[in-house]
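Undergrad:
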Amino acid sequence: MALVEVKVPDIGDFDEVAVIELMVKVGDTIKAEQSLITVESDKAAMEIPSSTAGVVKEMRVALGDKVKQGSVVLVLEASGAAETPTAQALSAPSAPLAATPAVALVQPVSAPADVVTVAATVAVPAAASLSAASNPAHNPGAPTLGLPHASPSVRKFARELGVPLEEVKGNGPKGRISQDDVQAFTKAVMAGATQTKAQAAKAPAGGDGAALGLIPWPKIDFAKFGPIERKEMGRIKKISGANLLRNAIMIPAVTNHDDADITDLEAFRVSTNKENEKSGVKVTMLAFLIKACVAALKKYPEFNSSLDGDAIVYKNYWHIGFAADTPNGLMVPVIKDADKKGILQISQEMGELAKKARDGKLSPAEMSGATFTISSLGGIGGKYFTPIINAPEVAILGVCKSTQEPVWDGKQFVPRLMLPLSLTWDHRVIDGAAAARFNAYLGQILGDFRRVLL
Ligand code: CAO
Numbered sequence: 054m055a056l057v058e059v060k061v062p063d064i065g066d067f068d069e070v071a072v073i074e075l076m077v078k079v080g081d082t083i084k085a086e087q088s089l090i091t092v093e094s095d096k097a098a099m100e101i102p103s104s105t106a107g108v109v110k111e112m113r114v115a116l117g118d119k120v121k122q123g124s125v126v127l128v129l130e131a132s133g134a135a136e137t138p139t140a141q142a143l144s145a146p147s148a149p150l151a152a153t154p155a156v157a158l159v160q161p162v163s164a165p166a167d168v169v170t171v172a173a174t175v176a177v178p179a180a181a182s183l184s185a186a187s188n189p190a191h192n193p194g195a196p197t198l199g200l201p202h203a204s205p206s207v208r209k210f211a212r213e214l215g216v217p218l219e220e221v222k223g224n225g226p227k228g229r230i231s232q233d234d235v236q237a238f239t240k241a242v243m244a245g246a247t248q249t250k251a252q253a254a255k256a257p258a259g260g261d262g263a264a265l266g267l268i269p270w271p272k273i274d275f276a277k278f279g280p281i282e283r284k285e286m287g288r289i290k291k292i293s294g295a296n297l298l299r300n301a302i303m304i305p306a307v308t309n310h311d312d313a314d315i316t317d318l319e320a321f322r323v324s325t326n327k328e329n330e331k332s333g334v335k336v337t338m339l340a341f342l343i344k345a346c347v348a349a350l351k352k353y354p355e356f357n358s359s360l361d362g363d364a365i366v367y368k369n370y371w372h373i374g375f376a377a378d379t380p381n382g383l384m385v386p387v388i389k390d391a392d393k394k395g396i397l398q399i400s401q402e403m404g405e406l407a408k409k410a411r412d413g414k415l416s417p418a419e420m421s422g423a424t425f426t427i428s429s430l431g432g433i434g435g436k437y438f439t440p441i442i443n444a445p446e447v448a449i450l451g452v453c454k455s456t457q458e459p460v461w462d463g464k465q466f467v468p469r470l471m472l473p474l475s476l477t478w479d480h481r482v483i484d485g486a487a488a489a490r491f492n493a494y495l496g497q498i499l500g501d502f503r504r505v506l507l
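Read in our numbering, the sequence shown has 62 at position 9, and its numbers run on one by one without any break.
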């Protein structure tokens, strides 16, 4: 087997270019036309391929080295006969993202007299475009031999945006990063679908606890104990998970539990639905809860506020979010201006928004602007729970399933339909006494809805 030196070919106008990527290492078996290194000038990046198959015996360049035409890239033990000796000069690409043809010169070491030059042109196709939603561009754990594989113009583009190129997943040939990849990564970060390593280190939501000084998350090989199935989390779960973790950690939250007597309200709701059977709109308990919460929020405006630095922003609008369980995960559509709407309209809107949520058709506008949120598990069951505040809101009401309970009326126990309420509030903005008053007032309204008129 002949040993051959693979040399840098004619690289056109460039005297010296930097080696920015080593794509092979000693011991690798190289196929014909496989790229060996990437070199970069101030205008273009080029791959230097070999047209001869063989095994790499020695690397003669390292990352950061400057090379020029004739520099030996590596020594190869050729596994086949050298190909037709033709030389081809390398021309720099005319556009930054255009194909980058490159050639390598292969020279047998053992027989200098038989110097051959072998042409091997590799055309790198223009980068594929990428949608952030369909193919997340984040690639934090990708192994890199050196610098990320991208052209100078893409590097410049990433630098200008402050994008850490080493975290971007390249979708071009051999993982080459294109401008589209950088844009997709940026979009994904802006949409909250992913985080850069720097963000993850700063934000507890994305870290494994190290940023909080906690011991690392346990890494366990569950398969050691029994059969397992691993499934990646969906996009919505990932986004809501990061938000929930931030909100759970950053908000000093307290939950007050209480019960509301909804015996009369439920009877009214059932009779209203009987009367309106033909209208197609079903009046829900949640619609009454939304209306009752608006009344309580008006009476206790700090519950309808947000923290902004050292200031509390009181909102003079009442947009109520409600948690909806969907096949893709938790979503929170918002009933806008709930104070201006009647129970029938709220019920109808809620039905439409809940359907859209389940069908994955909610628009961002339909999920934004909430000033307070209700999470109702009433249709499912349970007694009380501790909902997590949906920042930047400062409170959330959790509702569970109403049950008939014996209630003392002063003379005897009577059966009453009791609704369990769980109010979680931000202790930076709200005091415990205010929370107890809020719940008590809510209970009074739900017990006798005429109080809303007072
Ligand atoms: N007590 C007893 N019964 C209740 C009730 C309550 N508090 N609330 C609703 N119900 C009844 C309804 O009357 C209905 O009964 P009928 O079919 O006999 O009329 C049944 O439960 C189903 O109601 P529903 O859940 O379909 O409707 P809803 O208006 O109460 O809720 C929605 C709509 C979108 C909030 C709900 O479907 C949902 O997704 N809930 C889950 C929310 C969630 O996941 N929260 C947790 C967030 S934290 O992870």
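Ideal Cβ placement from N, Cα and C applies to all residues, glycine included.
Could you tell me the alpha carbon to alpha carbon distance between LYS84 and ALA106, rounded to whole angstroms?
TA: 4 Å
Undergrad: DSSP puts ASN309 in a beta bridge; with which residues?
TA: Note: ASN309 sits in a beta bridge opposite LEU476.
Undergrad: Is it true that the CB of ALA376 sits closer than 9 Å to the CB of VAL505?
TA: no
Undergrad: Does the ligand CAO have even one heavy atom less than 8 Å from the beta-carbon of ALA391?
TA: no
Undergrad: Just to check my reading of the structure: VAL207 and VAL235 have Cβ atoms closer than 8 Å, yes? What is that Cβ distance to the nearest angstrom?
TA: 6 Å
Undergrad: I believe VAL59 touches VAL126 by the beta-carbon criterion, under 8 Å. Please report the beta-carbon distance rounded to the nearest angstrom.
TA: Sure, about 5 Å apart at Cβ, within 8 Å.
Undergrad: Of all the options ASP312, ILE101, PRO217 and HIS372, which has the alpha carbon lying nearest to the alpha carbon of SER475?
TA: ASP312
Undergrad: Which value, in whole angstroms, describes the spacing of the CA atoms of HIS372 and GLY266?
TA: 38 Å
Undergrad: Under 8 Å: does the beta carbon of SER324 sit that close to some heavy atom of the ligand CAO?
TA: no
Undergrad: I'd like to know whether the C-beta atoms of VAL452 and GLN401 end up nearer to each other than 9 Å.
TA: no
Undergrad: Spatial neighbours of VAL385 within its chain, please: C-beta separation below 8 Å, excluding the five flanking residues on both sides.
TA: GLY374, PHE375, ALA376, ALA377, MET420, ALA423, THR426 and ASN443
Undergrad: When you get a sec, list the residues whose CB is within less than 5 Å of any heavy atom of the ligand CAO, chain order please.
TA: THR337, MET338, LEU339, ALA376, ALA377, ASP378, ALA407, SER428, SER429, GLY431, GLY432, LYS454 and SER455
Undergrad: Count the other CB atoms within 10 Å of the CB of LEU214; is the residue buried (16 or more) or exposed (fewer)?
TA: exposed
Undergrad: Would you call GLN87 buried or exposed, if buried means 16 or more other Cβ atoms sit within 10 Å of its Cβ?
TA: buried
Undergrad: What residues match up with MET471 in a beta bridge as DSSP calls it?
TA: Checking the DSSP bridge columns, you'll see MET471 partnered with ASP314 and THR456.
Undergrad: Quick one: what's PHE502 bridged to in DSSP?
TA: Bridge pairing for PHE502: absent [DSSP].
Undergrad: Could you check where the alpha helix (DSSP H) with SER42 kicks off and where it finishes?
TA: Because the chain spans 54 through 507 in this model, residue 42 falls outside it and cannot be assessed.
Undergrad: Cβ of VAL79 within 9 Å of Cβ of VAL120?
TA: no
Undergrad: Helix, strand or coil for GLN252, going by three-state DSSP, please let me know.
TA: helix
Undergrad: So, are the CB atoms of ALA244 and ILE302 less than 9 Å apart?
TA: The answer is no: Cβ separation not under 9 Å.
Undergrad: Could you please give the first and the last residue of the uninterrupted alpha helix (DSSP H) stretch that includes LYS383?
TA: Going by the sequence as given, residue 383 is Leu instead of Lys. No alpha helix (DSSP H) holds LEU383; the beta strand (DSSP E) holding it covers 382-384.
Undergrad: Restricting to Cα atoms, I'd like to know which of ILE396, GLU355, MET99 and LYS436 is closest to ALA486.
TA: GLU355
Undergrad: Please determine, among GLN252, LYS331, LEU350 and GLU319, the residue with the shortest C-alpha to C-alpha distance to ARG299.
TA: GLN252
Undergrad: Take LEU297 and list the residues in its own chain whose beta-carbon comes closer than 7 Å to its own, dropping the five residues that flank it on each side.
TA: So the list reads ILE441, once near-sequence residues are dropped.
Undergrad: Given a threshold of 16 other Cβ atoms within 10 Å of its Cβ, counted over all protein chains shown, does THR530 qualify as buried or as exposed?
TA: Nothing can be reported for residue 530: it is not among the residues displayed for the chain, which extend from 54 to 507.
Undergrad: Am I right that GLY382 and LYS272 are in contact with their C-beta atoms under 8 Å? What's the rounded C-beta distance?
TA: That belief does not hold up - the Cβ atoms of GLY382 and LYS272 are roughly 25 Å apart, past 8 Å.
Undergrad: DSSP three-state label for GLY496, please.
TA: helix
Undergrad: Is the separation between the beta-carbon of ASN450 and that of MET403 shorter than 9 Å?
TA: It should be noted that the sequence gives Leu, not Asn, for residue 450. If you check the CB distance, LEU450 and MET403 do not come in under 9 Å.
Undergrad: If you run the structure through DSSP and keep just helix, strand and coil, what is LEU450?
TA: strand
Undergrad: Do VAL513 and GLY123 have their C-beta atoms within less than 9 Å of each other?
TA: In the structure displayed, the chain extends from 54 to 507; residue 513 sits before or after that span and is not available.
Undergrad: Can you look up ILE230 in the DSSP assignment and give me helix, strand or coil?
TA: strand
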